[in-house]
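Note sheet for the following structure.
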Amino acid sequence: MTAHPSPAAPHGEPGRTPAAREPRATRVLVLNSGSSSLKYQLLDMQDGSRLALGLVERIGEETSRLVHTPLQGGGGVRRETEGAIADHQAALKAVAEELAADGLGLDSPELAAIGHRVVHGGLRFSAPTVVDDEVLAEIERLVPVAPLHNPANLTGIRTAMALRPDLPQVAVFDTAFHTTMPEAAARYAIDVETADAHRIRRYGFHGTSHAYVSRETARLLGRAPEEVNVIVLHLGNGASASAVAGGRCVDTSMGLTPLEGLVMGTRSGDVDPAVTFHLMRNAGMSADEVDVLLNKRSGLVGLCGDNDMREIRRRIDEGDARAALAFDVYIHRLKKYIGAYYAVLGRVDAVAFTAGVGENAAPVREAAIAGLEELGLAVDAGRNAVRSDEARIVSPDYARVAVAVVPTDEELEIARQSYALVSETGPERVNA
Ligand code: ADP
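Just so we're aligned, residue 1079 is where the sequence shown starts under the working numbering, counting upward by one.
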């Protein structure tokens, strides 16, 4: 493991061997690097509080923008800077300057680790991992199965390594939570040799969110994660469902790539694979054009031109038939996955809705659960209508299965996992 800065003044608990940097290094910087963006949050793992967060957008363009929000001590004023930021290195430097202006510089001995969201960890990475050259090479080897995401994630890691080579850089993989899926769920029924030669199988994504939300759902029910079976519905712009049995993922709706499964903002989700060759043979489309069609011009946008659920609901209220169709297709798919994962799990304790749509769109929750009373599922209209940032149950007391709304927090989860890995204090203290 990489060396860490040692504490200036140890003040560990009596009778306890002070760990290398246990007394002071409790902060984790979480980085989520996209191809032209860098999102970040600085958290203090003593209590999981956020000290600052922000976003750099349009990296490499003339009109890059950095939005920084200090949050410590009740929060400060949001700062926005516009101007060309050439690359991720310049972006992270600009972020470091903003943090330093708040007294949160990245050279601080209080920084314990930098946690990186990495989209594809393949089969190799089933847990958060401290990055070294060999780990970088393996993430690179996975680029063919994650061409949009892994290169950007790698750039973020390399940039952070250059800035703080002495600090542990932890990769937290979107796929990790799903590596517990049995072969029966992970295998596509295609020729095994071809599949293995090209690493074709179902990996699943949004794993950090599914892990966090399934655990928080157990907490909401007042039970241990090991005792609880949960269907998690992560409904953001990207959307995925997972079946979690006793804290372990046993099935999830995204596959080799994030295209499979639910209807999403711009992605089709499940389609007959023959749609692809049909379009290539009969519409003269190239593989890349079909890729763009299914990933960017499908889903809610393809069906009605809008991918924001608020706008779709507004149009439905005005009697717009295409918006109504888009909503119906979205709900039908969601209901099918709830039924499928009910069967996969055998017994379900809770269905948890999360992410932008899942947390905010009461009509989606109501419609997805409607008609499932025989499965012990129901939504209480009054509870479902309440708006809140807190995890809550929206099913009636009599329902056999809880329907829950559980806000996701991928950054906190990445910070927790990173800190648990590099800290001698262990996960219990981290999860306090
Ligand atoms: P991402 O996948 O980009 O992280 P989010 O989880 O932030 O997405 O979800 C974004 C989506 O959430 C929006 O496209 C919109 O459809 C939906 N959404 C956000 N707020 C609301 C709201 N108040 N009511 C209904 N839908 C909402």
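Even for Gly, the Cβ is constructed at its ideal location relative to N, Cα and C.
Locate the alpha helix (DSSP H) running through residue i, then write down its first and last residues.
i, result
"T1159", "Not the alpha helix (DSSP H): T1159 falls in the beta strand (DSSP E), residues R1157 to E1160."
"Y1420", "A1399 to L1423"
"Y1290", "G1285 to L1298"
"T1486", "Where T1486 is concerned, there is no enclosing alpha helix (DSSP H), given that its DSSP letter is neither H nor E."
"E1389", "M1387 to D1395"
"E1176", "H1166 to A1179"
"H1356", "A1352 to N1360"
"E1367", "A1365 to K1374"
"M1239", "N1228 to L1241"
"A1445", "A1440 to I1447"
Per DSSP, residue i forms a beta bridge with which residues?
i, result
"D1329", "A1321"
"H1194", "L1109 and A1249"
"L1144", "V1134 and T1159"
"P1207", "Here the sequence assigns Thr to residue 1207, which means Pro is not the residue at that position. DSSP lists A1249 as partners of T1207."
"V1429", "I1309 and V1481"
"L1189", "R1105"
"Y1118", "L1109 and G1132"
"R1470", "V1483"
"S1127", "D1122"
If you drop the 5 nearest sequence neighbours on each side, which residues of the same chain put their C-beta closer than 6 Å to that of residue i?
i, result
"E1488", "T1286 and S1287"
"R1400", "C1382"
"R1470", "V1483"
"N1432", "Sequence inspection shows Thr at residue 1432; the Asn mentioned does not correspond to that position. Result list for T1432: V1291, H1312, V1484 and T1486, in chain order."
"A1296", "P1303 and V1306"
"A1263", "D1329"
"M1363", "L1357"
"G1316", "P1336 and M1342"
"G1434", "G1314"
Does the beta-carbon distance from residue i to residue j come in below 9 Å?
i, j, result
"E1556", "S1111", "The first residue shown for the chain is 1079 and the last is 1510, placing residue 1556 beyond what the model contains."
"D1158", "L1177", "Correcting the residue type first, residue 1158 is Glu in the shown sequence and not Asp. Contact: no."
"A1191", "L1116", "no"
"L1378", "M1332", "no"
"L1121", "A1402", "no"
"T1354", "N1373", "no"
"A1249", "V1310", "no"
"M1411", "D1350", "A quick correction: the sequence has Arg, not Met, at residue 1411. Going by C-beta atoms, R1411 is not nearer than 9 Å to D1350."
"P1206", "L1499", "yes"
"V1481", "A1428", "yes"
"V1370", "V1426", "no"
"R1105", "E1212", "no"
"M1387", "V1442", "yes"
"A1477", "A1456", "yes"
"A1174", "V1134", "no"
"E1294", "A1439", "no"
"G1132", "H1146", "yes"
"A1130", "L1182", "yes"
Can you name, in chain order, every residue of its own chain whose Cβ lies under 7 Å from the Cβ of residue i, other than the five neighbours on each side?
i, result
"A1323", "N1307 and L1423"
"H1256", "Y1281, G1282, G1285, C1327 and T1330"
"D1458", "V1472, S1473 and P1474"
"A1289", "F1255 and E1491"
"L1201", "T1257"
At which residues does the beta strand (DSSP E) containing residue i begin and terminate?
i, result
"L1334", "Premise fails: L1334 is in no beta strand (DSSP E) and is neither H nor E."
"I1309", "N1307 to L1313"
"Y1266", "Y1266 -> no beta strand (DSSP E), and no H or E assigned at all."
"Y1281", "Premise fails: Y1281 is in no beta strand (DSSP E) and is neither H nor E."
In its own chain, which residues sit with a C-beta less than 8 Å from the C-beta of residue i, not counting the 5 before and 5 after it?
i, result
"D1398", "C1382"
"L1214", "L1232, I1235 and R1236"
"E1338", "R1280, S1331, M1332, G1347 and D1348"
"A1319", "I1309, V1310, L1311, H1312, T1330, S1331, G1339, L1340, L1412, Y1415, I1416 and Y1419"
"E1216", "G1200, R1202 and F1203"
Kindly indicate if chain D contains any beta-carbon less than 9 Å away from that of residue i.
i, result
"R1392", "In the displayed structure, chain D is absent; only one protein chain is listed."
Mind the definition here: the region 1264-1279 touches the region 1235-1244 only if three or more C-beta pairs lie below 8 Å; say whether that holds. No, the region 1264-1279 does not touch the region 1235-1244.
With a cut-off of 8 Å, do at least 3 Cβ pairs link the region 1189-1209 to the region 1221-1234? Yes, since at least three Cβ pairs between the region 1189-1209 and the region 1221-1234 fall closer than 8 Å, the two stretches touch.
Say whether the region 1261-1270 touches the region 1217-1229, bearing in mind that this needs 3 or more beta-carbon pairs closer than 8 Å, one atom from each stretch. By the Cβ test, the region 1261-1270 is not in contact with the region 1217-1229, since fewer than three Cβ pairs between them sit closer than 8 Å.
Give every residue whose Cβ lies closer than 5 Å to any heavy atom of the ligand GDP, listed in chain order. With respect to small molecules bound, the structure shown includes the ligand ADP and not the ligand GDP.
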